[in-house]
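> Shown below is the structure under consideration.
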Amino acid sequence: MPTVVNNVETFCSVVKVVLKGGDWYKSLGTHESTGTKLLSISGDCKFPGVYEVEWGFSINDILDMVGASKADVQAVQVGGPSGAIIAPNEFNRILGFEDLATGGSLIIFNHHRDLLNDVVMNFTEFFIEESCGSCSTCRIVPLILKRNSKNIKCTWC
Numbered sequence: 675m676p677t678v679v680n681n682v683e684t685f686c687s688v689v690k691v692v693l694k695g696g697d698w699y700k701s702l703g704t705h706e707s708t709g710t711k712l713l714s715i716s717g718d719c720k721f722p723g724v725y726e727v728e729w730g731f732s733i734n735d736i737l738d739m740v741g742a743s744k745a746d747v748q749a750v751q752v753g754g755p756s757g758a759i760i761a762p763n764e765f766n767r768i769l770g771f772e773d774l775a776t777g778g779s780l781i782i783f784n785h786h787r788d789l790l791n792d793v794v795m796n797f798t799e800f801f802i803e804e805s806c807g808s809c810s811t812c813r814i815v816p817l818i819l820k821r822n823s824k825n826i827k828c829t830w831c
């Protein structure tokens, strides 16, 4: 017998559709990304947590919502370790399939963080440790990234 696996995001959406209708729900968000998205926001901000927003929110909107000092934010990681690092000159980009698709994770990094040591090296170690080793790309590329990151770090010393 088939089994349906739902997550919290599905349950949040279903409640809105049942209460207000599918047409209303589809009116939320953008033309290509309708509805809402749950975001788990962490890092250097006053109000980390899980937020439900309409697709189409900009990174700037998110930073305002969570009390992050835009003057001090040097980057936002969108979509977890394999996602995109967004620089301040791109904070007007929007969350949605037409621009920044995300599984729902955002990490905010202020200037007191060393992006190479604290972020890139940490994510590289994550991929080295978590790779199952079945494919050569997952087995080799993180090691190359780690070596190259260490070389870059050494030239800055």
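Each residue of the sequence shown is one higher than the one before, starting from 675 at the first, in our numbering.
Quick reminder that beta carbons are idealized off the backbone N, C-alpha and C, glycines included.
(1) What separation, rounded to the nearest whole angstrom, lies between the Cα atoms of residue 734 and residue 721?
(2) Could you please give me the residues that DSSP links to residue 758 through a beta bridge?
(3) Apart from the five residues on each side of it in sequence, which residues of its chain come closer than 6 Å, Cβ to Cβ, to residue 801?
(4) Whose CA, out of 726, 786 and 760, lies closest to the CA of residue 684?
(5) Cutting at 6 Å between CB atoms, please list the residues of its own chain near residue 778, excluding the five before and the five after it.
(6) Which one of 738, 730 and 774 has the shortest CA to CA distance from residue 751?
(7) For the alpha helix (DSSP H) containing residue 803, name the first residue and the last one.
(8) Mapping DSSP to helix, strand and coil, what is residue 737?
(9) What are the start and end residues of the alpha helix (DSSP H) that includes residue 684?
(10) When the Cα atoms are used, what is the spatial distance from residue 759 to residue 719?
(11) Let me check one thing: in DSSP terms, what residues is residue 726 bridge-paired to?
(12) So, at 6 Å on beta carbons, what are the nonlocal neighbours of residue 765 in its own chain, with the 5 sequence-adjacent residues on each side left out?
(13) Grab me the residues of residue 748's own chain with a C-beta within less than 8 Å of its C-beta, minus the 5 sequence neighbours each way, in chain order.
(14) What separation, rounded to the nearest whole angstrom, lies between the Cα atoms of residue 812 and residue 708?
So, from the listed chains and residues:
(1) 15 Å
(2) 752
(3) 816
(4) 726
(5) 712, 713 and 714
(6) It is 774 whose Cα lies nearest to the Cα of residue 751.
(7) Note, residue 803: alpha helix (DSSP H), 795-804.
(8) helix
(9) 682-694
(10) 17 Å
(11) Paired residue(s): 712.
(12) 733 and 734
(13) 761, 762, 783, 784, 785, 787 and 789
(14) Whole-angstrom Cα-Cα distance: 34 Å.
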